[in-house]
Amino acid sequence: MSDLDFTTRFPTGVVADERKGYEGYIVDADKLVEFATALRDEFGFDYLSSVTGVDYINEGKLEVVYHAYKTTGGAGLVFKTQVDREAAEVPSLYNIYPGADFQEREAWDLMGIKFTGHPDLRRILLWEGFEGHPLRKDWKEPYFEEDVKPFKSRWPEGDFHRAEDKNPYGANVQYPDKFDPEKWQPEGEDALYGSLAKYQTTDESGLVTDHITVNLGPQHPSTHGVFRIAAKLNGETIVNLKPVMGYLHRNHEKIGERNTYLQNMPFTDRLDYLSSMSNNFGYALAVEKLLKVEVPERAEYLRVIMAELTRIQNHLFAIGMFLNDLGAFFTPSLYAIEERELILDIFEMVSGSRMMCNYFRFGGVVRDLPEGALEKIKGLVLDRLPRKVDEMDRFLSENEILRSRTVGQGYLSAEDAIKYSAAGPMLRASGIPYDIRRADPYSIYDRFDFDVAVRYNGDIYDRYYIRLDEVRQSLRILEQAIKDIPEGEILSGKPQYTVRVPAGESYGRVEGPKGELGFYIVSDGKANPYRYHVRAPSFINLTAFGPMCVGLKVADVVAVLGSIDIVLGETDR
Amino acid sequence: MENNELNSPGYEIPDDMKSVVSITTLDKIYNWGRRSSVWPMMFGLACCAIEMIATAASRYDFSRFGMEVMRPSPRQSDLMLVSGTVTKKMAPTIVRLYNQMPEPKYVVAMGACASGGGPFKEGYNVVSGVDKLIPVDVYIPGCPPTPQALINGLIKLQELIDTQSLKTVRWYQKGELAAVPVPVLGPDLIYPKDIPAIQEAGKEA
Numbered sequence: 006m007s008d009l010d011f012t013t014r015f016p017t018g019v020v021a022d023e024r025k026g027y028e029g030y031i032v033d034a035d036k037l038v039e040f041a042t043a044l045r046d047e048f049g050f051d052y053l054s055s056v057t058g059v060d061y062i063n064e065g066k067l068e069v070v071y072h073a074y075k076t077t078g079g080a081g082l083v084f085k086t087q088v089d090r091e092a093a094e095v096p097s098l099y100n101i102y103p104g105a106d107f108q109e110r111e112a113w114d115l116m117g118i119k120f121t122g123h124p125d126l127r128r129i130l131l132w133e134g135f136e137g138h139p140l141r142k143d144w145k146e147p148y149f150e151e152d153v154k155p156f157k158s159r160w161p162e163g164d165f166h167r168a169e170d171k172n173p174y175g176a177n178v179q180y181p182d183k184f185d186p187e188k189w190q191p192e193g194e195d196a197l198y199g200s201l202a203k204y205q206t207t208d209e210s211g212l213v214t215d216h217i218t219v220n221l222g223p224q225h226p227s228t229h230g231v232f233r234i235a236a237k238l239n240g241e242t243i244v245n246l247k248p249v250m251g252y253l254h255r256n257h258e259k260i261g262e263r264n265t266y267l268q269n270m271p272f273t274d275r276l277d278y279l280s281s282m283s284n285n286f287g288y289a290l291a292v293e294k295l296l297k298v299e300v301p302e303r304a305e306y307l308r309v310i311m312a313e314l315t316r317i318q319n320h321l322f323a324i325g326m327f328l329n330d331l332g333a334f335f336t337p338s339l340y341a342i343e344e345r346e347l348i349l350d351i352f353e354m355v356s357g358s359r360m361m362c363n364y365f366r367f368g369g370v371v372r373d374l375p376e377g378a379l380e381k382i383k384g385l386v387l388d389r390l391p392r393k394v395d396e397m398d399r400f401l402s403e404n405e406i407l408r409s410r411t412v413g414q415g416y417l418s419a420e421d422a423i424k425y426s427a428a429g430p431m432l433r434a435s436g437i438p439y440d441i442r443r444a445d446p447y448s449i450y451d452r453f454d455f456d457v458a459v460r461y462n463g464d465i466y467d468r469y470y471i472r473l474d475e476v477r478q479s480l481r482i483l484e485q486a487i488k489d490i491p492e493g494e495i496l497s498g499k500p501q502y503t504v505r506v507p508a509g510e511s512y513g514r515v516e517g518p519k520g521e522l523g524f525y526i527v528s529d530g531k532a533n534p535y536r537y538h539v540r541a542p543s544f545i546n547l548t549a550f551g552p553m554c555v556g557l558k559v560a561d562v563v564a565v566l567g568s569i570d571i572v573l574g575e576t577d578r
Numbered sequence: 008m009e010n011n012e013l014n015s016p017g018y019e020i021p022d023d024m025k026s027v028v029s030i031t032t033l034d035k036i037y038n039w040g041r042r043s044s045v046w047p048m049m050f051g052l053a054c055c056a057i058e059m060i061a062t063a064a065s066r067y068d069f070s071r072f073g074m075e076v077m078r079p080s081p082r083q084s085d086l087m088l089v090s091g092t093v094t095k096k097m098a099p100t101i102v103r104l105y106n107q108m109p110e111p112k113y114v115v116a117m118g119a120c121a122s123g124g125g126p127f128k129e130g131y132n133v134v135s136g137v138d139k140l141i142p143v144d145v146y147i148p149g150c151p152p153t154p155q156a157l158i159n160g161l162i163k164l165q166e167l168i169d170t171q172s173l174k175t176v177r178w179y180q181k182g183e184l185a186a187v188p189v190p191v192l193g194p195d196l197i198y199p200k201d202i203p204a205i206q207e208a209g210k211e212a
């Protein structure tokens, strides 16, 4: 980062972050917009990956942390801005990086940081009217017991109680002082519907016509879970569309800041529950960066094998469900799930669980391959899966209905993909060959020979087909990995329940099946992370969803959503 | 239920009429019909929904139990498989969906979250189990339950249906069946039954 000469460009307002264990730059709030504009236009950091907040309650400050990259590759850049906790106002970067849209809303929702100039600053994961901003360190939930785990009441004596018994209402609820539910006015959905611009048209005879609002979800078979779409329609054409989420907001980050580092590992499984192994990977990388531990050679290979198998089964499932959305009801999914089950068998063999693998540890993996597992992987990778992928390709890709519904539909240009911080297959299907495995290699990906899958049309069809491409590339990586995997240790050092992580910050990112999965961790040297944030690709990829759908018909919205491939556990966290 | 069970009401059938006539009770034939065609709602909340899909797929295949007809609309379904974490934001919708289902209806809480909050119980947006909102018939442990566990839970549901009697089932009792009150999203989730208590607490404060 030495070639970045910010001090000449910004004599005041930008200083290097010199806290121990921290990196990047601290920018004054009033210089932020200017700095970000220069970063994008002069320094080439065209991609804003992550925006989040940290509550430094002892200093009375809230810090907004930004991670930016160049889509041409290379390491990232961190910059921060600090504001007073009581008057937390930061200029919005929406106009420079529209990809900040949802992330700034999330920071407002959970941290209470007001982004001035943001066009639609509503709560995103919780609902309008919710009391307080839960990720602030002084905010306590109804079942609050202690700041950090393990709780004294339960460990080491092993006592336990039901949290309900200690709550006056016997449930996970709390109300502000002097709250009277009879006099209270529900906020309802006015803010949401207000944000969907109201359109009226008047025809020649003077007849005034309103555009109608249609809600899809949260219970809808094509939303892949509990996701809601509020759309403004002109006839059957989408005029404006806003995703509504948070129906599966499970407070991952608040719980994560209470857990010990190791306790968080099984929670990461439940983020993107289709690809737990690669979630583990990202989290392990972030903590290992702070711990500065080396991972033994065999463990690195095991990690890569598991991460690539995860990618394959995720993409197969995504294709199956996408075809489901198009109306090929369940037949393609059954083909996909058949193969996925075989990969899950391998996961069950090595980790003991089909879906929630909890397989990675800081400095390695938890178990070695059991007998017969490598043969099984070989059989799948070298023989069965390549055939099956070709079969799917043959059955589906030239299908008349699939092509006519997807080719040229749901277009996302390369510029827009970068602008909206789209990641993973979505970015690559729009013609940006950005893959973290190649652009900023982690683990041992620099050893393998593979191509970054890229397609150039940016339509639904390309986003479908690029997943088949990626499965083929993953098979290539796997072929090399199972050939070269050495014998040896699988974990450096002794297995530990509590790791002491040196103070500082780190950001670990992997190319997950859905895109860049990042974990931002701030440690204060204790056994629990001080701040734990997940940069969730499913969540941020949805930023482009609304703009992509404008002008399409309602039925195509379902296809566009299917092609983004979201998992609600990760979207809402 | 085996056929011979269906045919054993406790009456003697004359020899010459055996294999021509069956005598059974209304309860038995009713339960037999119900348990063999439970239509689940296509309703997935979280991770467990993926295992539910896996159970519906060819390897585990719950159509063997007459349960493969998944309906996306609550109006056409008998069984609500609550497959995942119930959040406060989702709670009103879940209750509304339950109220929209026609009787007879059953609820299966699949997995730790739906049964009692699970690993996310302490979270500020998590309801400690779906039974805080609607009555549950069968709980399935696991995080997520494997397809085998889910099938076991569904068999338990069938066993439960076998014990029904037309005389006592709630949907054939006199009078209207009361809908479950829908909780409201206020500063926190407000259960309608708590409103007097909340008002009391508000006055004291």
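Keeping their order, the protein sequence lines are chains Y and P.
Take the first sequence: its position 83, counting from 1, is numbered 88 in the working numbering, and each next residue is one higher.
Take the second sequence: its position 112, counting from 1, is numbered 119 in the working numbering, and each next residue is one higher.
Glycine included, each C-beta is placed from N, C-alpha and C at the ideal position.
From a predicted model like this one, the values you see are computed outputs, not experimental measurements.
Item	Value
Helix, strand or coil at I243(Y) according to DSSP, with G and I counted as helix	strand
Within chain A, the residues that R359(Y) reaches when beta carbons sit closer than 9 Å	Absent from the structure: chain A. Protein chains present are Y and P.
Spatial distance of F365(Y) from K85(Y) (CA atoms)	30 Å
Beta carbon proximity, K1(Y) to chain P, threshold 9 Å	Outside the modelled stretch of chain Y, which goes from 6 to 578, sits residue 1(Y), for which no answer is possible.
9 Å Cβ cutoff met for H72(Y) and Y450(Y)	no
Beta-carbon separation (whole angstroms), G574(Y) vs C150(P), contact threshold 8 Å	No, G574(Y) and C150(P) are not in contact; Cβ-Cβ is about 13 Å, not under 8 Å.
Identity of the residue in Y18(P), M87(P), P79(P) and R71(P) nearest P142(P) by Cα	M87(P)
Beta-carbon neighbours of Y105(P), restricted to chain Y and to distances below 9 Å	By Cβ distance, chain Y contributes nothing, its closest Cβ being about 11 Å from Y105(P), past 9 Å.
Boundaries of the alpha helix (DSSP H) in which D34(P) is found, first to last residue	L33 to R42
Opening and closing residue of the beta strand (DSSP E) in which P21(P) lies	Looking at the DSSP string, P21(P) is not in any beta strand (DSSP E), and its letter there is neither H nor E.
Rounded distance between the beta-carbons of H254(Y) and L339(Y), thought under 8 Å	Incorrect: roughly 32 Å between the Cβ atoms, too far for contact.
Minimum Cβ-Cβ distance from R159(Y) to chain P less than 9 Å	no
N284(Y), DSSP secondary structure in three states	helix
Beta bridge counterpart(s) of Y450(Y) as assigned by DSSP	DSSP output for Y450(Y) lists no bridge partner at all.
Cβ-based contacts, 8 Å cut-off: residues of the segment 190 to 203 of chain P near chain Y	V191, L192, G193, P194, D195, L196, I197, Y198, D201 and I202
Cutoff 9 Å: S84(P) Cβ touching any chain Y Cβ	no
Min CB distance V102(P) to chain Y below 9 Å	no
Contacts around G136(P), its chain only, beta-carbon distance under 6 Å, and the 5 residues preceding and following it disregarded	S122, G123 and G124
Coarse secondary structure for T265(Y), derived from DSSP in three states	coil
Residues sharing a beta bridge with T214(Y), DSSP	T206(Y)
V539(Y) versus L522(Y): straight-line alpha-carbon distance, rounded	7 Å
Delimiting residues of the beta strand (DSSP E) encompassing T57(Y)	Y52 to Y61
Between the CA atoms of M108(P) and S80(P) - distance to the nearest angstrom	9 Å
Contact list for the segment 307 to 330 of chain Y against chain P, Cβ threshold 7 Å	none
Any C-beta of chain P under 9 Å from that of K183(Y)	yes
Given 8 Å, three or more beta-carbon pairs between the segment 451 to 464 of chain Y and the segment 362 to 380 of chain Y	no
R66(P): contacting residues in chain Y (beta-carbon distance under 8 Å)	I342, E343 and E346
Secondary structure of E521(Y), DSSP reduced to three states	strand
Contact between the segment 513 to 522 of chain Y and the segment 313 to 326 of chain Y (3+ Cβ pairs under 8 Å)	yes
Range covered by the alpha helix (DSSP H) that runs through K210(P)	I202 to E211
Residues near M1(Y) by beta carbon distance below 7 Å, same chain, minus five either side	The structure shown does not extend to residue 1(Y), since chain Y is modelled only from 6 through 578, so no value can be given for it.
Cα-Cα separation, R177(P) to P152(P)	30 Å
Short CB-CB distance (under 9 Å) between Q180(P) and chain Y	no
Cβ separation of P507(Y) and G530(Y), assumed to be a contact under 8 Å, to the nearest whole Å	6 Å
Cα-Cα separation, A41(Y) to Y148(Y)	40 Å
Exposure of V292(Y), with buried meaning 16 or more beta-carbon neighbours within 10 Å	buried
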